[in-house]
Amino acid sequence: MTLMTPPHPPGITAVIVDVTDPNVMAEFWTFALGYVPQPPPQGFETWKAFADALDMSAEDRERYTAIMDPKGVGPRIVFQKVPEGKTAKNRWHIDIDIIDRSLPEDQHDQIRKAGVAAMIERGASEVARFDEAVGRWVLMTDPEGNEFCIL
């Protein structure tokens, strides 16, 4: 089997996340990543206007929510509503580095602690803390139980 050569280097355009509540998850991850809600398509002032133009059902209007990196660097994240909840440990996860490495190292733990507290205020849970030769991090779960780490 021969793979086609794409016209440009491949890259991640979106990460799709199965969730039970797209709006709750979009709100949490918007904060966690410093992202913004994805604006509606060109020519539409709101997503409602877009959905009305397509005559989308009420159910379809609630199926997806997307957020994006305001700098245009990171991939878009789409939260897709599914009927089933999370049932097992993630096979991969996101690491979020909240530390400004130009700051003195003695401030890193305080910054990490404040970041963890802010995530918890928005529905995350702390699972475990790690202090190993390769670094320090906190394993957390988002409001629907998906694992991520705060570095």
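One gets the working numbering by counting positions in the sequence shown from 1 and adding 1269 to each.
In this text, a Cβ means the ideal position worked out from N, Cα and C, and glycines have one as well.
Assign residue i to buried or exposed, taking buried as 16 or more other Cβ atoms, counted over all protein chains shown, within 10 Å of its Cβ.
i       : result
Ile1285 : exposed
Trp1361 : exposed
Phe1399 : exposed
Pro1291 : buried
Thr1334 : buried
Val1403 : exposed
Ala1295 : buried
Gln1342 : First, the residue type needs correcting, since residue 1342 is Val and not Gln in the sequence shown. Classification of Val1342: exposed, given that the 10 Å Cβ count is below 16.
Ile1281 : exposed
Arg1370 : exposed
Quick one: what does DSSP say residue i is sitting in, helix, strand or coil?
i       : result
Met1393 : It is worth fixing the name first, because residue 1393 is Ala in this sequence and not Met. Reduced to three states, the DSSP call for Ala1393 is coil.
Trp1361 : coil
Met1325 : coil
Lys1350 : strand
Gly1312 : coil
Ile1380 : helix
Asp1400 : strand
Arg1345 : strand
Could you please give the first and the last residue of the uninterrupted alpha helix (DSSP H) stretch that includes residue i?
i       : result
Asp1338 : Run containing Asp1338: none; DSSP gives neither H nor E here.
Following the continuous beta strand (DSSP E) through residue i, name the residue where it begins and the one where it ends.
i       : result
Thr1299 : Looking at the DSSP string, Thr1299 is not in any beta strand (DSSP E); the run it does join, the alpha helix (DSSP H), is 1291 to 1302.
Phe1417 : 1416 to 1419
Ala1283 : 1283 to 1288
Arg1405 : 1404 to 1410
Taking residue i and residue j to be in contact with their CB atoms under 8 angstroms, please state how far apart those CB atoms are, rounded to whole angstroms.
i       : j       : result
Gly1392 : Pro1412 : 4 angstroms
Met1325 : Val1305 : With a Cβ gap of about 23 angstroms, Met1325 and Val1305 do not count as contacting.
Lys1350 : Arg1332 : 5 angstroms
Val1407 : Phe1348 : About 23 angstroms separates the two Cβ atoms, so there is no contact after all.
Ala1283 : Pro1344 : 6 angstroms
Q. How about the region 1288 to 1306 and the region 1388 to 1408: do they share at least three Cβ pairs that are nearer than 8 angstroms?
A. A contact exists between the region 1288 to 1306 and the region 1388 to 1408.
Q | contact_flag[the region 1362 to 1376, the region 1410 to 1418] where n(CB pairs < 8 angstroms) is 3 or more | A | yes
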